[in-house]
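Below you'll find the structure, written out as structure tokens, and then a few comments.
In this note's numbering, the protein residues as written are 35 to 166.
Structure (structure tokens):
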């Protein structure tokens, strides 16, 4: 199932807020993403209907296993692509902005190859004493 970029952004935001704050409510998503309350409410309803999130009676949002898998995948892409770009000399702000765009369109095959290459090169540098 292909997930739209906007849904991936929501899942990643919920995932990161949960890691940072311990719990997530719709208002947290509104504040983090800059969307209106109705927009977030409609999105969360669709995600609940499709089995990606649950929302308890207190309004706490939890990613289901399916939602969590998507969030972790997109977050890993975001983080690693930014690290690769920074290793090439791109400033941190630009690297994270660009990685947010790239993460949505890169294939899993290409991302796996980039990740493997990046980790191999980083390990080689470390073994030569070039990296902390």
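Using N, Cα and C, we set each Cβ at its ideal position, and we do this for glycine too.
Item: Contact under 8 angstroms by Cβ, residue 77 with residue 49; Value: no
Item: Within 8 angstroms, strictly: CB atoms of residue 130 and residue 147; Value: no
Item: Rounded distance between the beta-carbons of residue 103 and residue 46, thought under 8 angstroms; Value: About 12 angstroms; that fails the 8 angstroms criterion.
Item: Candidates 140, 83, 68, of which the one nearest residue 100 by Cα; Value: 83
Item: Contacting residues, own chain, Cβ-Cβ under 7 angstroms from residue 96 (five flanking each side not counted); Value: 87, 88
Item: Same chain, Cβ closer than 7 angstroms to residue 137, neighbours up to 5 away in sequence not counted; Value: 108, 111, 112, 115
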